[in-house]
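Residue numbers (the working numbering), protein chains in the order written: chain A, 1 to 127; chain B, 1 to 127.
There are 2 protein chains.
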Amino acid sequence: MTYTISQVAKKLNVTIYTIRYYDKEGLFPFLDRTASGNRIFKEQDIEWIDLICCLKSTGMQIKDIRTLIENCTLENAVLDKSLQMLMDHKKAVQKEIEEIHHKLETIDYKIKHLPEMYERIVNKPSN
Amino acid sequence: MTYTISQVAKKLNVTIYTIRYYDKEGLFPFLDRTASGNRIFKEQDIEWIDLICCLKSTGMQIKDIRTLIENCTLENAVLDKSLQMLMDHKKAVQKEIEEIHHKLETIDYKIKHLPEMYERIVNKPSN
DNA sequence: ATAAATCCTCGAGATAACTAGAGGTCAAGA
DNA sequence: TCTTGACCTCTAGTTATCTCGAGGATTTAT
């Protein structure tokens with residue numbers, strides 16, 4: 001079973017522009033083509049692309065994803081490096097979430113004090 | 001007690017370029033200036049700027065922050081709208097965190113299966 | 001008083017990640 | 001056969017958010 005670019009786009013909820021862009025950026029070195037040049041997406045390709053989209057949407061930059069993928073697809077592939085990158089990313093995202101929780105608390109605090117903060121601004125004529 | 005732009009930058013861990021940019025974008029309509037034009041940051045200003053940076057770093061766009069601030073500083077200020085925006089943002093961020101948690105699980109799953117996903121790519125000569 | 005540091009504005013440049021249109025190929029259905 | 005639609009590449013444009021340098025004024029420290 002294979003898919004076309006528009007089927008994959010729908011399945012993974014991205015645009016075909018994005019898929020082509022990612023491919024151009026070297027994120028899908030594993031893709032095959034038909035004789036006439038159309039991309040062919042196999043099940044396992046979609047597994048990879050799903051991971052790549054997951055990494056992207058959790059904040060990993062394209063150039064880092066490229067590095068990760070390259071470490072899997074090079075002749076002398078260094079799988080450990082890719083695994084390490086994934087685990088590092090996971091840790092970074094968790095830390096990020098921690099910080100966001102903290103910021104949400106700050107926002108909460110500000111919400112409570114907004115009326116007085118607002119007063120200070122509004123009663124500005126006197127300063 | 002007042003602060004200069006570089007003191008505020010240090011305090012809130014942003015660059016002075018960013019502060020000027022935010023000001024230019026209308027995020028600090030409450031700021032006063034010295035006779036010669038230098039920005040003066042009062043304690044309450046820093047409260048606001050801290051909130052604004054908090055919103056920014058949790059993903060609120062500048063144009064939305066501007067709207068929020070405008071609703072606080074206009075003549076006929078609509079504080080309720082600002083409060084609503086803050087609470088909506090908070091909810092959106094919480095939902096975002098949920099989704100990220102879910103994506104982390106996906107990444108975890110992929111980490112476990114990376115060796116076999118990798119095999120499939122490496123043994124490509126046969127497909 | 002003067003040199004160094006800091007401030008200002010304005011406008012241009014940088015960066016990341018798309019987004020889209022032009023112009024063309026190709027395969028399948030009416 | 002011809003038209004429709006989906007695909008292709010290439011290039012350029014867009015958006016958001018900074019980032020920085022030039023050129024000039026002002027403040028601070030010696």
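All C-beta atoms in this analysis are idealised placements derived from N, C-alpha and C, irrespective of residue type, glycine included.
When you compare only the Cα positions, how much space is there between residue i and residue j?
i: LYS11 of chain B; j: MET117 of chain A; result: 19 Å
i: LEU51 of chain B; j: THR106 of chain B; result: 33 Å
i: GLY59 of chain A; j: ILE100 of chain A; result: 14 Å
i: GLU47 of chain A; j: HIS102 of chain B; result: 16 Å
i: THR73 of chain A; j: PHE28 of chain A; result: 10 Å
i: LYS24 of chain A; j: TYR22 of chain B; result: 34 Å
i: PRO125 of chain A; j: ILE49 of chain A; result: Its pLDDT being 49, under 50, PRO125 of chain A is placed unreliably in this model, and the value from its coordinates should be taken loosely. Cα to Cα, PRO125 of chain A sits roughly 58 Å from ILE49 of chain A.
i: ILE97 of chain A; j: LYS110 of chain A; result: 20 Å
i: LYS112 of chain B; j: THR15 of chain B; result: 41 Å
i: ASN76 of chain A; j: PRO115 of chain B; result: 15 Å
i: ARG39 of chain A; j: GLN61 of chain A; result: 24 Å
i: HIS89 of chain A; j: GLY37 of chain B; result: 45 Å
i: ASP95 of chain B; j: VAL78 of chain B; result: Here residue 95 of chain B turns out to be Lys, not Asp, going by the sequence shown. Cα-Cα distance, rounded: 26 Å.
i: MET149 of chain B; j: LYS91 of chain A; result: This structure leaves residue 149 of chain B out entirely; chain B is present only between 1 and 127.
i: ASN13 of chain A; j: ASN13 of chain B; result: 36 Å
Among the options, whose alpha-carbon lies nearest the alpha-carbon of residue i?
i: CYS54 of chain B; options: A:HIS113, A:TYR3 and A:LEU104; result: A:LEU104
i: GLU70 of chain A; options: A:THR4, A:GLY26 and A:VAL8; result: A:GLY26
i: TYR3 of chain A; options: A:GLU98, A:SER57 and A:PHE41; result: A:PHE41
i: LYS56 of chain A; options: A:GLY37, A:ASN76 and A:ILE19; result: A:ILE19
i: GLU43 of chain A; options: A:VAL8, A:LYS91, A:SER36 and A:ASN13; result: A:VAL8
i: ASP45 of chain B; options: B:SER36, B:ILE5 and B:VAL78; result: B:ILE5
Any idea if residue i is buried or exposed, counting beta-carbon neighbours within 10 angstroms, 16 or more meaning buried?
i: VAL93 of chain A; result: buried
i: ASP108 of chain A; result: exposed
i: TYR17 of chain A; result: exposed
When you measure from the CB of residue i to every non-hydrogen atom of the ligand ADP, does any distance come out below 7 Å?
i: MET87 of chain A; result: The ligand ADP is not part of the structure shown, which contains no ligands of any sort.
Count the CB pairs spanning the region 69–86 of chain A and the region 26–33 of chain B that are closer than 8 Å, and state whether there are at least three. no
Pair every Cβ in the region 64–74 of chain A with every Cβ in the region 84–94 of chain A, then say whether three or more of these pairs are closer than 8 Å. yes
What runs of the beta strand (DSSP E), each 3 residues or longer, lie entirely inside the region 16–65 of chain A? 39–42
What ranges does the alpha helix (DSSP H) occupy inside the region 76–126 of chain B, keeping only unbroken runs of at least 4 residues that lie completely in it? 79–122
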